[in-house]
Amino acid sequence: MEDRLKEILSPFKTQRSDLIPVLQAVQHEYGYLPEQQMKGIAKFLGVPESQVYGVATFYAQFHFSPRGKNIIRMCRGTACHVKGVSKAADKIQEKLEIRVGETTPDLKFTYEEVACIGACGLAPVMMINDRTYGKLTPDKVKDIIDSYEETSEA
Amino acid sequence: MYDKQILICAGTGCISSGALDVKGSLEKELEKHNLQDKVRIILSGCHGFCEKGPIFIVYPEDIFYCGVTAEDMPELVEEYLVKGNIVDRLLYKDPITGESVTSHENIPFYRQQKRLVLRNCGVIDPENIDEYIIRDGYSGLKKSLQMDPKEIIDTVKNSGLRGLGGAGFPTGRKWETAYKIESDKKYVVCNADEGDPGAFMDRSVLEGDPHSVLEGLMIAGKAIGSDEAYVYVRAEYPLAVRRLRKAIAQAEEYGLLGENILNSGFNFKVNVKEGAGAFVCGESTALVISIEGKRGMPKPLPRPRTTEAGLWDKPTLLNNVKTLSVIPQIINNGADWFAGIGTEKCKGTAVFALTGKTNCSGLIEVPMGIKLGKIIHEIGGGIPGGKKFKAVQTGGPSGGCLPESKLDLAVDFDTLLQAGSMMGSGGMVVLDETTCMVDVARYFLNFTVEESCGQCTPCRSGTLQMLEILNDICEGNGREGDVELLLELGKSIIDSSICGLGKSAPNPVLSTIDYFRDEYEAHIKDKTCPALVCKNLIIYDIDQEACTGCGRCRKNCPAGAIAGDKKEPHVIDQEKCTKCAICYDLCPDRFSAVKCLTGEKITAMAKGGGN
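Residue numbers (the numbering used here), protein chains in the order written: chain A, -14 to 139; chain B, 1334 to 1944.
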């Protein structure tokens, strides 16, 4: 097991109930769940690899390929839906030339859609990393993405 | 000693509207005027009025400013804090009369509310335990530590409190069951896996008043004989998770959590588990399995209740965030106090996330039994843009849509259920005449299909079949008999699914068929979408007489589908048009030349040779 993984696993006990927190911690560190690390997790917890994958694939939070530096989560909640979030969603996909679940080739952005962010008062909304942006319009979305393009180049 | 206190809302909504920039700018301005020792700034939890954020209240006068920005701070400090002149342009304006309102208590959005669960939200600094304690915090715990478990349970039972997670099961009865079962270990679990689209009540309570939830958990633990709790909270709520963890650390530091609490011999530990993004984990058995680190799939019947055999097969008391947060007040004020609010069968209050096509959206708390119309037209301030109310969706993907004829309904758990919807976790989305009811039903089915755990066939395949029929209808490929087929499928899914998610999944479709069948028929028989939403059933066209040839639509059309010379009427090439509606949105109101057409009007236009 590589040292980086060992360090991530060090605060955890080798008990089944820690599987989801372990997966969360590993993904937090690597940005996704690499195959080798999945094997390492199975060994560490003494759980068959098939079950580790079984759990990881069940939850929407986990990913198995490298992801962008900035994670865009577009809200597809009810309030956002009736307030026309699809126009903003189309704009992002058109601008970044990626579709739902995909990452730009330069690994700057990953675009995802989530059920509800819970900021319905500001619908339509999206999150980029931990920051929430509300009252989106196609133009506003364009400006927000541009601001991230600039900062990540700087 | 401070002369004034300024509360800046630091809920997720207001932070995304720039609340932290406001705070930074305010601090600078206060220093400039040497007021930093006279004015205290408090970052509070959610005030509920997210749409008008950032919210900025000055006490002791209670002046309510909204939609403030960092740029407003020099003026606000100079004019109000230094000279004492109210800055009118930043006050709340009544959407109907246009008049300014100074105090938040006079704003209709707040005036009709009764805040119990949200008592501290927006009032205290949620990251400071002392502010919670000053407002009687942890005195419910203290009292309960001197009470006999049976006495606590009787108080909760007599209060009439029913689970605010949506199903409305009597809380006291659940506690009693958990108390009576003998076991070496019992757990209390707080369900904060608020996955319903359109709901953010639990998030706001955790962000705005996390200690109330902890106190509720401890009282529950004392009552049933448990020493350990789990809070299962969505990972999508990073601020809520952070504030909850901070609250736990503070309570431990104060000796209010941990070993031998307040020298009573009572021990209690609270763990936080972050959910990993699965709607079905809001279901009790699935939630428990997920905490155990497995795939969160509901257990099929027959099975013991979670209260009897839950987490690691131990008796587990599962309550929602809001239910737990109101418990300390019930212990403090007594059962009669709580039972005096609400209706005969539903006591207390209901918390809703009022959103959608409403003038004032945000988080509200109202007494049970309030009229639905009062919520929408008085608290919500009606429908924006002079549009007509069409329906209100409650209960999220398990609920239904209620039409105008139901606005007289006295809202509680039972009346909503009878009307074909449900309280659910409290989402309340207002829909106006520009919302297509078939599209809304399709939206919810799409959600359920995505979130079905896949364990049982009726839910996994049945909802997919329903979705495909709805897709056909929205795309203009609906066939005679589709509505009947949807009804039949819906009924069998309800009858045969394993868990509550599957059993309620057809509700959005069934309730819209019930109240808006004519819209389904219009899509199927006339191939029209009366609300002008379904893309395959509408076209955009330019009224040749109204168009002045300003060129705005032509320049902005992403498909290059609009042609026309300067100052000459423009034309849309229907072959190229992607129906993105940008031209429709951009055409200046004084011309309103771009029209959206459906059904017979399209045929008429085609015959007229492109108008």
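Think of the CB as a built atom: it goes at the ideal place given N, C-alpha and C, for glycine as much as any other residue.
Around the CB of R1887 (chain B), 16 or more other CB atoms lie within 10 Å, so the residue is classed as buried. Counting along the chain, the unbroken alpha helix (DSSP H) around Q1662 (chain B) starts and ends at 1654 to 1666. Taking each of B:N1593, B:Y1565, B:G1732 in turn and checking the Cα distance to K1555 (chain B), the smallest one comes out for B:N1593. Closest by C-alpha distance to L107 (chain A), out of B:T1639, B:I1348, B:E1569, B:R1775, is B:I1348.
By a beta-carbon distance limit of 8 Å, K1385 (chain B) contacts Y1425 (chain B). Their separation comes to about 7 Å. Inter-segment contact for the stretch 1702 to 1722 of chain B and the stretch 1823 to 1843 of chain B is absent: fewer than three beta-carbon pairs are separated by less than 8 Å. Taking every protein chain shown into account, the CB of K76 (chain A) has 16 or more other CB atoms within 10 angstroms, so this residue is buried. Non-local C-beta neighbours of R(-11) (chain A) in its own chain, meaning closer than 8 Å and more than five positions away in sequence, comprise E14, ordered along the chain. In the three-state reduction of the DSSP assignment, E97 (chain A) falls in the strand class. Residues of chain B with a Cβ closer than 7 Å to the Cβ of I102 (chain A) are, in chain order, E1569. DSSP places Q1726 (chain B) in the uninterrupted beta strand (DSSP E) bounded by 1722 to 1727. By DSSP's assignment, Q1338 (chain B) forms a beta bridge with B:R1373, B:Y1392.
Under DSSP, A1896 (chain B) shares a beta bridge with B:V1904. For R1536 (chain B), the nearest CB of chain A lies under 7 Å from its own CB, placing it at the interface with that chain. Taken in chain order, the complete alpha helix (DSSP H) segments of 4 residues or longer contained in the stretch 1506 to 1591 of chain B are 1534 to 1541, 1543 to 1557, 1571 to 1586.
D1876 (chain B) carries a coil assignment under DSSP once its states are collapsed to helix, strand and coil. Check the Cα spacing between E1817 (chain B) and each of B:I1802, B:S1830, B:P1661, B:C1883: the tightest is with B:I1802.
Contacts with chain A at 7 Å (Cβ-Cβ) do not include R1887 (chain B).
For D1805 (chain B), the enclosing alpha helix (DSSP H) begins and ends at 1796 to 1807. Listed along the chain, the chain B residues whose CB falls inside 7 Å of the CB of Q46 (chain A) are A1568, A1609, G1610. Taking a Cβ-Cβ cut-off of 8 Å, G1615 (chain B) has no neighbours in chain A, whose nearest Cβ is about 11 Å from it.
One finds Y1776 in chain B with Cβ atoms closer than 7 Å to the Cβ of H66 (chain A), taken in chain order.
In the three-state scheme derived from DSSP, where H, G and I count as helix and E and B as strand, G1346 (chain B) is classed as helix. Among the residues of the stretch -10 to 8 of chain A, those with a Cβ less than 7 Å away from any Cβ of chain B are R1, S2, D3, L4, I5, in the order of the chain.
Interface annotation, P1530 (chain B): in contact with chain A, CB-CB separation under 7 Å. Secondary structure note for M1761 (chain B): it is in no alpha helix (DSSP H), and the uninterrupted beta strand (DSSP E) holding it is 1760 to 1765.
Along the stretch 1363 to 1386 of chain B, the positions whose C-beta sits under 7 Å from a C-beta of chain A are C1383, E1384, read in chain order.
Looking only at A:V32, A:I83, A:L8, A:T89, the smallest Cα-Cα distance to F49 (chain A) is reached by A:L8. If you draw a straight line from the Cα of D1772 (chain B) to the Cα of V1866 (chain B), it comes to about 8 Å.
Leaving aside the five residues that flank G53 (chain A) on each side, the residues in its chain whose CB is nearer than 7 Å to its CB run, in chain order, T88, T89, L92, K93, F94, T95. Counting other Cβ atoms within 10 Å of its Cβ, W1508 (chain B) reaches 16 or more and is therefore classed as buried.
Contacts with chain B at 7 Å (Cβ-Cβ) include F43 (chain A). DSSP links P1700 (chain B) through a beta bridge to B:T1682.
If you draw a straight line from the Cα of I1895 (chain B) to the Cα of V70 (chain A), it is about 24 Å long.
Contact annotation: T1488 (chain B) and A1668 (chain B) have beta-carbon atoms nearer than 7 Å. Rounded to the nearest angstrom, the gap between the Cα atoms of P33 (chain A) and K24 (chain A) is 9 Å.
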